[in-house]
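A.B. asks:
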Amino acid sequence: MPVPPLLVITDRKLSPLPLPELADRLFASGVRWLSLRDKDLPDGDRLELARALLRRARPWGGRVTLHGDPALAAVAGVDGVHLPAGSDPAAARALLGPAALIGLSGHDSDGVDLVERVRGQVDYLTLSPIFPSASKPGYGPCLGTSGLRRWTERGVPVVALGGVDGAQAVADCLAAGAAGVAVMGLAMRDPQALARLLAKVVDESARSPHS
Numbered sequence: 001m002p003v004p005p006l007l008v009i010t011d012r013k014l015s016p017l018p019l020p021e022l023a024d025r026l027f028a029s030g031v032r033w034l035s036l037r038d039k040d041l042p043d044g045d046r047l048e049l050a051r052a053l054l055r056r057a058r059p060w061g062g063r064v065t066l067h068g069d070p071a072l073a074a075v076a077g078v079d080g081v082h083l084p085a086g087s088d089p090a091a092a093r094a095l096l097g098p099a100a101l102i103g104l105s106g107h108d109s110d111g112v113d114l115v116e117r118v119r120g121q122v123d124y125l126t127l128s129p130i131f132p133s134a135s136k137p138g139y140g141p142c143l144g145t146s147g148l149r150r151w152t153e154r155g156v157p158v159v160a161l162g163g164v165d166g167a168q169a170v171a172d173c174l175a176a177g178a179a180g181v182a183v184m185g186l187a188m189r190d191p192q193a194l195a196r197l198l199a200k201v202v203d204e205s206a207r208s209p210h211s
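Going letter by letter, the sequence shown gives residues 1 to 211 in full-length UniProt numbering.
#1: I'd like to confirm the pairing. Which residues does DSSP put opposite Ile102 in its beta bridges?
#2: Compute the Euclidean distance between the alpha carbons of Leu6 and Trp60, then round it to the nearest angstrom.
#3: Rounded to a whole number of angstroms, what is the C-alpha to C-alpha distance between Val8 and Val118?
#4: Does DSSP put Ala28 in a helix, in a strand, or in coil?
#5: Taking the straight line between their C-alpha atoms, what separation do you get for Ala182 and Leu47?
#6: List the endpoints of the continuous alpha helix (DSSP H) containing Val202.
#7: Taking the alpha-carbon positions, what's the Ser133 to Ala169 distance?
#8: Confirm, please, whether the CB-CB distance from Pro137 to Leu96 is below 7 Å.
#9: Let's see if you can read the secondary structure: which residues bound the alpha helix (DSSP H) around Trp151?
#10: For Asp40, tell me which candidate among Gln192, Leu66, Phe131 has the shortest Cα-Cα distance.
#11: What separation, rounded to the nearest whole angstrom, lies between the Cα atoms of Leu19 and Arg55?
#12: Run through DSSP, which three-state label would Arg93 get?
#13: Would you tell me roughly how many angstroms separate the C-alpha atoms of Leu83 and Ser35, rounded to the nearest one?
#14: Looking at the secondary structure, which residues open and close the alpha helix (DSSP H) in which Arg37 lies?
#15: So what does DSSP say about Leu17, is it helix, strand or coil?
#16: Hey, how far is the Cα of Ala193 from the Cα of Arg32?
#17: For Gly44, name the three-state secondary structure that DSSP assigns.
#18: Below 8 Å CB to CB, which residues in the same chain sit around Ala90 once its five sequence neighbours on both sides are set aside?
#19: Please state whether the Cβ-Cβ distance between Ala176 and Arg149 is less than 7 Å.
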């Protein structure tokens, strides 16, 4: 897991800045893990954007992953891939190699036995939604920290996603055993607010017995 354990997921439609310019600000604020989502873009545009983000990450020691497409991630030379639910992480690992950062989306409907099926194949699971999300209103049902804890007890690092955009939410998720948190809307709209949240992530992860 990258350190600090905060994953920023992109959505260029939510940002007033071009993503490369936003990435400059995010990495300067302490972010070290950025995943390019924006899956509506043509492959050529995503490839160009992924490489632009990677150039901005490297001076900071940051890592860039790509949502959804292991083959495109391999061509782009990014640090890994985040796979949608139902994907084959073993195939992605075979393509990208042992050093790649490979994650998989998980939802409560998948059942916690998903953890057993992908153990040893992924570096982390995202689990969503934990809380109501401004980026995806009405998306749910929300698991809350009790639902999160059912997954974190299974031994695969879980990154909490969905409405984790405040200090208390961060503290609650890490206390429930999350290995990290993921943010999209707040990061796209307000990098300064994200910097404050990042400070909370660093503080709480240092205190957490699960870190």
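Yeah, the Cβ is synthetic: ideal placement off N, Cα and C, and Gly gets one too.
C.D. replies: This is what the structure gives:
#1: When beta bridges are read from the DSSP output, Ile102 appears opposite Val81.
#2: 15 Å
#3: 23 Å
#4: helix
#5: 23 Å
#6: 191-207
#7: 12 Å
#8: no
#9: 144-152
#10: Leu66
#11: Rounded to the nearest whole angstrom, the C-alpha separation of Leu19 and Arg55 is 12 Å.
#12: helix
#13: The alpha-carbon atoms of Leu83 and Ser35 are separated by roughly 11 Å.
#14: That residue, Arg37, is in no alpha helix (DSSP H); it is neither H nor E in DSSP.
#15: Here Leu17 sits in coil by DSSP.
#16: 16 Å
#17: helix
#18: Closer than 8 Å at Cβ, skipping near neighbours: Gln121.
#19: yes
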